[in-house]
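Taken in order, the sequence shown gives residues -11 to 61; the numbers are from this note's numbering.
Glycine included, C-beta positions come from ideal geometry on N, C-alpha and C.
Quantities reported herein were computed from a predicted structural model and do not represent experimental measurements.
For reference, the structure is listed below as structure tokens.
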Amino acid sequence: MPEEEDFLIEYKGKQVSVSPVINGGNIYFIVHLETPVTIAEGLVNEDWVWYEEGKGETTLSTELGEIIERMDG
């Protein structure tokens, strides 16, 4: 997965564009769904979790985060 270039993931049978945004030492991913979603991975109580900016840990952020993680493999 390129860290500074947009890339595509497959979500619910559709190709979806993802834009990585590096902010200081953090990397956020803007997932261009019908309503764009910004997610990131963060440490919560010694566990790394995916969270949605402004909403916290959500099912959507977890699903999208897992897809993005598989792009590294």
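Counting only the Cα atoms, W38 lies some 8 Å from E54. Within the DSSP bridge table, the entry for I15 names I10 as partners.
Contact between I15 and I56 is ruled out by a C-beta separation of about 10 Å, above the 8 Å threshold. Judged by DSSP in its simplified three-state form, L52 adopts helix. Taking a C-beta distance under 8 Å as the contact criterion, F(-5) and M59 qualify as a contact pair. DSSP places D60 in the helix class (H, G or I) of the three-state scheme.
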